[in-house]
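Read through the structure below, which is laid out as structure tokens, and then see the notes.
Chains as they are written, first to last, in my numbering: chain A, 2 to 502; chain B, 882 to 986.
Structural data, given as structure tokens:
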């Protein structure tokens, strides 16, 4: 009967050997472990006392013996099997292929998480302007620019509306702004305070202390936030001078709000009193209106003409168009590109895996299952690479959401997935159905130009000694596609790599 | 691969011990007084250089003696040649580990 101390020592000694065995290359690990455990048994046997217990001195000696296993394991680790060449059982193996694909997907994923444009696209697809918000313009205006004067907006704002439950306005002007030592020219949108709530964009205004309550607030566009402030989140609360007037930065507009007309750099939210300045009464700007429930029921089509009265009570024709620009978001574009790639795959390659056989031997059901799982794993990893690599390409030099980047993403994703899937199918055809390693050592047999009815093509062999692959150079009625010839055990002595068997 | 390189004294001692009949790791350790962290890596290198070769004991023998099978080492022809050269280089080698001593163990 072992004492608890002996049991603990014995366990720790075996644990040391097991831990050291993980340093040993996998191909030699089992045998190495077996040898050391056998040696340990003999060492313990030589140290045991008559009463079947161990002295502390003996335990220490055994522990020193076990510690030596780490030096031995390191020695084996440093000892290459074939200097300069990877081990034969690793080269071209299924595991190695999946590892490379997973590494590629991982790198693309990390890169995507670092690109600001990718975040902007995701944000833009989340923060879309409601479809019940219309941009109102004068139908008589020659261009689609700002066409409603501040005074007219004020008049409408104070008049009861039938189809709209709220109106917002801004006018854009280029003004010099100063933030600390930096001086910039901004397109400043002097807007009503309700603009973002009417548009339904989630701008969270920072709380200002009492001293700053009366100072106008500025909302930065995402572009300006990144360009002029380096995307610093601590910028909230900074004081800026806009055209000589003091203001405080109170928030950053979410990505996607650039779709607003006039492409403002910042929005200066002004009170009704400031908007009512007589000096600005004739300056044109943009009016946004949110449809009421009644307006929604009356609304039909993508645009509508609206009858209104100007300040002199004359009739005027207006148009109203929704300002929603559908943002697909990365996943919708990806799904579409993936669907297109799958659809186009049979057009660029044969989807047959070359299952023809020359012999009666067949892979087992388990081997066939592994083969299918391997193909699926390759497709999944290529699809992942397609997603991340395409958004990396699209937003590599674009820090902002843009429809052009979305097009680039669609094209890149389609191309990567199509080429990748084609490679996956071609690679699968060249893999031994038994061990999933790539067949090697191609040998050309016969030449099509010199043989008439004789077979000509290429023969490849699995280095595990499982099968030969015959690929005809010219498909004929009696040998249309590639075929596998499974080798029986009499071939085994030719192959020196037992690990893959 | 026949290696005509000069062996270290430790490697020569291990070769001599194997030649003397100490054919597994622990017995070589006991004979030479070297720690396991020296003996086993040295044996790996000797085996890599084809100076010794290893062979597992038959399971039936180990089962009969109720112990795990051991891995035995023996000298190759190249190992014997190298040991001869080492004995000339280290004249005391044979006196340190004599063949008779092993046979009496």
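Heads up, the beta-carbon is just placed ideally off N, CA and C, and yes, glycines get one too.
Nothing here was measured: the structure is a model prediction, and the numbers come from that model.
As assigned by DSSP and simplified to three states, the class of residue 923 (chain B) = It is helical.
CA-CA distance, residue 189 (chain A) and residue 395 (chain A)?
-> Spanning the alpha carbons of residue 189 (chain A) and residue 395 (chain A) requires a straight line of approximately 29 Å.
Determine whether the Cβ of residue 948 (chain B) lies closer than 9 Å to any Cβ atom of chain A.
-> True, the Cβ-Cβ gap to chain A drops below 9 Å.
Relative to the alpha-carbon of residue 30 (chain A), which residue among A:48, A:73, A:50 has its alpha-carbon at the smallest distance?
-> Here the closest residue by C-alpha is A:73.
Using only alpha-carbon positions, find the residue among A:217, A:318, A:232, A:288 that is nearest to residue 268 (chain A).
-> Comparing Cα positions, the closest option is A:217.
Using Cβ-Cβ distances below 9 Å, what residues of the segment 914-926 of chain B are close to chain A?
-> Taking 9 Å as the Cβ-Cβ cut-off against chain A, the residues of the segment 914-926 of chain B that qualify are 916, 917, 918, 919, 920, 921, 922, 923, 924, 925, 926.
Could you please tell me which residues of the segment 890-917 of chain B, in chain order, have their CB closer than 9 Å to any CB of chain D?
-> Judged by its chain identifiers, the structure shown contains no chain D, and its protein chains are A and B.
Determine which residues of the segment 50-71 of chain A have a Cβ less than 9 Å from any Cβ of chain B, and write them out in chain order.
-> Correct list: 65, 66, 67, 68, 69, 70, 71.
Range of the contiguous beta strand (DSSP E) that encloses residue 952 (chain B) = Counting along the chain, the unbroken beta strand (DSSP E) around residue 952 (chain B) starts and ends at 952-956.
Sorted by chain position, which residues of the same chain lie with C-beta nearer than 6 Å to residue 408 (chain A)'s C-beta, five sequence neighbours on each side aside?
-> Cβ neighbours of residue 408 (chain A) beyond the five flanking positions: none.
So, helix, strand or coil for residue 331 (chain A), using DSSP?
-> Looking at residue 331 (chain A) - three-state DSSP - the assignment turns out to be helix.
If you drop the 5 nearest sequence neighbours on each side, which residues of the same chain put their C-beta closer than 6 Å to that of residue 230 (chain A)?
-> Within the same chain, 236 come within 6 Å of residue 230 (chain A) by CB-CB distance, once the 5 residues on both sides are set aside.
Residues sharing a beta bridge with residue 971 (chain B), DSSP | Answer is none; residue 971 (chain B) lacks a bridge partner.
Residue 472 (chain A) to residue 453 (chain A), Cα distance in whole Å?
-> Spanning the alpha carbons of residue 472 (chain A) and residue 453 (chain A) requires a straight line of approximately 17 Å.
Residues near residue 349 (chain A) in its chain [Cβ-Cβ closer than 7 Å; skip 5 each side] = The answer, listed in chain order, is 419, 423.
Burial state of residue 129 (chain A), where buried means 16 or more other Cβ atoms lie within 10 Å = With at least 16 other beta carbons inside 10 angstroms of its own, residue 129 (chain A) counts as buried.
Is residue 123 (chain A) near the ligand PLP, going by C-beta to nearest heavy atom under 8 Å?
-> As for the ligand PLP, it is missing from this structure, which has no ligand bound.
Residue 952 (chain B) at chain A interface by Cβ criterion, 9 Å | For residue 952 (chain B), the answer is yes, since a Cβ of chain A falls inside 9 Å of its Cβ.
Name the one or two DSSP bridge partners that residue 478 (chain A) has.
-> When DSSP reads this structure, residue 478 (chain A) sits in no beta bridge, so it has no partner.
Any idea which residues DSSP pairs residue 191 (chain A) with across the strands?
-> In DSSP, residue 191 (chain A) forms a bridge with A:172, A:269.
How is residue 933 (chain B) classed by DSSP in three states: helix, strand or coil?
-> It is a strand residue.
Using DSSP with H/G/I as helix, E/B as strand and the rest coil, what is residue 456 (chain A)?
-> Residue 456 (chain A): coil per DSSP, three-state reduction.
If the cut is a Cβ gap below 7 Å, which residues of chain A does residue 929 (chain B) touch?
-> Residues of chain A passing the Cβ test: 80.
Hey, could you find the ends of the beta strand (DSSP E) residue 137 (chain A) is sitting in?
-> From DSSP, the beta strand (DSSP E) with residue 137 (chain A) extends over 134-139.
Determine contact between the segment 906-918 of chain B and the segment 939-949 of chain B, defined as no fewer than three beta-carbon pairs at a distance below 8 Å.
-> Because the criterion of three Cβ pairs below 8 Å is not met, the segment 906-918 of chain B and the segment 939-949 of chain B do not touch.
Neighbour list for residue 36 (chain A) in chain B, Cβ cutoff strictly below 7 Å | Residues of chain B passing the Cβ test: 952.
Beta-carbon contacts of residue 248 (chain A) that lie in its chain and below 7 Å, excluding the five residues immediately before and after = Excluding sequence neighbours, residue 248 (chain A) sits near 216, 217, 218, 219, 241, 269.
Backbone CA spacing between residue 176 (chain A) and residue 417 (chain A) [nearest angstrom] = Rounded to whole angstroms, the separation of the alpha carbons of residue 417 (chain A) and residue 176 (chain A) is 45 Å.
Environment of residue 243 (chain A) [buried if 16+ CB atoms lie within 10 Å] = Buried, since its Cβ has 16 or more Cβ neighbours within 10 Å.
Residues in the segment 454-479 of chain A with C-beta within 8 Å of chain B's C-beta atoms, listed in sequence order?
-> So nothing in the stretch comes that close.
DSSP on residue 37 (chain A), reduced to helix/strand/coil?
-> Residue state, collapsed to three classes: helix.
Take the Cβ of residue 148 (chain A) as the centre, count every other Cβ of all protein chains shown within 10 Å, and call the residue buried at 16 or more, exposed below.
-> That one is buried.
DSSP three-state call for residue 54 (chain A): helix, strand or coil?
-> Of the three classes helix, strand and coil, the one that applies to residue 54 (chain A) here is coil, per DSSP.
Ends of the alpha helix (DSSP H) at residue 306 (chain A)?
-> Note, residue 306 (chain A): premise wrong, no alpha helix (DSSP H); beta strand (DSSP E) at 305-310.
Does the count of Cβ pairs from the segment 890-902 of chain B and the segment 959-966 of chain B closer than 8 Å reach three?
-> Judged by Cβ distances under 8 Å, the segment 890-902 of chain B makes contact with the segment 959-966 of chain B, as three or more pairs qualify.
Would you say residue 408 (chain A) reaches chain B, if we count a Cβ-Cβ gap shorter than 9 Å as a contact?
-> Closer than 9 Å: no.
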